[in-house]
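Read in UniProt numbering, the sequence shown has 35 at position 35, and its numbers run on one by one without any break. We put the CB at the ideal spot given by N, CA and C, even for glycine. A quick write-up on the structure given underneath.
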Amino acid sequence: MLTEVTQDMKVAKEETFGPLAPLFRFHTEEEAVAMANDTEFGLATYVFTQSTARQWRVGEALEYGMVGINTGAISNEVAPFGGVKQSGLGREGSKFGIDEYLEMKYLCVDLSS
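Here is the structure:
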């Protein structure tokens, strides 16, 4: 856990993989969302709150492929895994991962004759 982290620090601008939790100070929900979205990456993020309304509001506003709400365990075999921005395009796993390999085709057949 890193405390007193600011937006100009390297840890705020890079996509880190590992047991690292930078903690940022913020005053409003809007400021927290803006800070979280101020990155070129968007694989996963986490929100901890008791407010159901805030869970939905912030979860929708965050520009990430996966959002853990009140949990750190967001990846499993049925969840579509993947990010947005420079963290990737598309999903793997679940039915959404299979969809990446499929090509939709529409057939219209006249069966009246």
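Cβ-based burial, residue i [other Cβ within 10 Å; buried from 16]
i	result
T45	buried
R91	buried
L2	exposed
L62	buried
F81	buried
Y64	buried
G18	exposed
V109	exposed
Close beta carbons around residue i, own chain, < 8 Å, minus the five adjacent residues each side
i	result
Q86	E15, E40, F41 and G42
N76	none
Nearest-angstrom Cα separation, counted from residue j out to residue i
i	j	result
E73	A32	Per the sequence shown, the amino acid found at residue 73 is Ala instead of Glu. Roughly 21 Å between the two C-alpha positions.
P22	V67	16 Å
T52	I69	10 Å
A34	L107	45 Å
Cutoff 7 Å; reference residue i; Cβ partners in own chain excluding five residues on either side
i	result
S28	The amino acid occupying residue 28 in the given sequence is Thr; Ser does not appear at that position. No residues qualify anywhere along the chain.
Cut-off 6 Å between Cβ atoms - residues of its own chain near residue i, not counting five sequence neighbours on either side
i	result
G97	R91
Original post:
Does the count of Cβ pairs from the stretch 8–15 and the stretch 50–70 closer than 8 Å reach three?
Top reply: Cβ pair count under 8 Å is below three, so no.
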